[in-house]
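Engineer: The structure is given below, and queries will be raised subsequently.
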Amino acid sequence: MHCQRIASGKAVSTSGSRAAAPARAAPPRRRAADVRVRVQNAEKALFGEDFGARDPYAAELESNFGEKVLGNWNTDHIIKPPDALGKVIGLAARALPPAAELSLLSEFDRERLRQQVPGWRVVAAAGAAAAAGSAGAAIQQEWAVKDAACAARLVDSIRVLAEEQGHAPESVESVGGTTVVARLSTAALGGLTEADFIVAAKINSLDIKELLPQRKQRFWA
1 MHCQRIASGK AVSTSGSRAA APARAAPPRR RAADVRVRVQ NAEKALFGED
51 FGARDPYAAE LESNFGEKVL GNWNTDHIIK PPDALGKVIG LAARALPPAA
101 ELSLLSEFDR ERLRQQVPGW RVVAAAGAAA AAGSAGAAIQ QEWAVKDAAC
151 AARLVDSIRV LAEEQGHAPE SVESVGGTTV VARLSTAALG GLTEADFIVA
201 AKINSLDIKE LLPQRKQRFW A
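Residue numbers (UniProt numbering): 1 to 221.
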C-alpha cells in the first residue's frame, strides 16, 4: 500500500481505495428576519397591503362613511351571556320593587341599566320635548315581524307580561303591519326608573323566534 505524505504531516493512501469526494458545503442558514419578510410578503400578495384593522382617515370621517356601510359602526357592542345565566342573575330574574321605593334614575344608573337590555334605546317620553337625564325619558324597542298576525301576537305578549308585572307600558303598538314598537317609562314619576329596565329585560327574554322573519343566509365570495 503506497502512502503519500502531505503538508499537514498526515499520511494519505494513494492506492487501494478511491479518493474521498469533497464534502458538500452546508446551505446557508436563513435568518429569522428573512423568514418574517417572506411571510409578510405572502400575506400582502393574498390580502393586499391593508390587511387587518386600521383607524379611518380624516377624509373618510368627513364623508360620514359610517352612515352608509352595513353593520354597526358604534363600538357599544352587544355582549350576550349564556341564556341559562339569565335565570339566576340579571334584570330579567329580578322582581319589580314596590312602587313606593321607585325613584328617577341618575344618568349614570340609566346608562348602566340600558347596557343590560340590548336593543332598547333612550327616547323622549310622550308629551316631553326632550329627555333631560331620566326625567321626561323613556326606553323604546322595535321588532320587525313576519306579518300583521305576528305583530298582533307580539303586542298581546308584551301587554300580558307588563300586566303580570304590574307595570303598564307607555305604549305598545303595531306600525305598518310588520313592525312592533314598545315604549316604557314610569308615568307616576315622569321618567325612567329601575322598573322600566326590569320589564324591558323580561320582554327581551320572551321567545318570539317564530314571529320574526327568517334571516337570509349570506354568502361571502
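Where a beta carbon is used, it is the ideal one built from N, C-alpha and C, also for glycine.
On a Cα-Cα basis, can you pick out the residue from ARG153, GLU107 and GLN115 that is closest to ASP207?
Structural biologist: Per the Cα distances, ARG153.
Engineer: Between the stretch 192–209 and the stretch 87–98, do three or more beta carbon pairs fall short of 8 Å?
Structural biologist: They touch, by the three-pair rule.
Engineer: Near THR193, which residues of its chain fall below 7 Å by C-beta distance, leaving aside the five closest residues on each side in sequence?
Structural biologist: LEU102, SER103, LEU104, LEU105 and THR186.
Engineer: Return the residue from the list PHE108, ILE158 and GLY190 that minimises the CA-CA distance to ALA135.
Structural biologist: The shortest C-alpha separation from ALA135 is found at GLY190.
Engineer: Here's a check: name, in chain order, each residue in its chain whose Cβ is nearer than 6 Å to the Cβ of PRO56, leaving out the five neighbours to either side.
Structural biologist: No residues qualify anywhere along the chain.
Engineer: Using the beta-carbon count (16 or more within 10 Å), is LEU211 buried or exposed?
Structural biologist: With 16 or more other Cβ atoms within 10 Å, it is buried.
Engineer: Specify, as a first and last residue, the run of the beta strand (DSSP E) that GLU142 falls within.
Structural biologist: Run containing GLU142: 137–144, per the beta strand (DSSP E) assignment.
Engineer: Assign PHE108 to one of two classes, buried (16 or more other C-beta atoms within 10 Å of its C-beta) or exposed (fewer than that).
Structural biologist: Classification for PHE108: exposed.
Engineer: Among the candidates ASP156, LYS146 and SER205, whose CA atom is the shortest distance from the CA of GLY177?
Structural biologist: The option with the nearest alpha carbon to GLY177 is LYS146.
Engineer: In whole angstroms, what is the alpha-carbon distance linking ARG159 and ALA100?
Structural biologist: Cα to Cα, ARG159 sits roughly 23 Å from ALA100.
Engineer: What does ALA124 pair with, by DSSP beta-bridge criteria?
Structural biologist: According to DSSP, which records beta bridges pairwise, ALA124 is partnered with ALA137.
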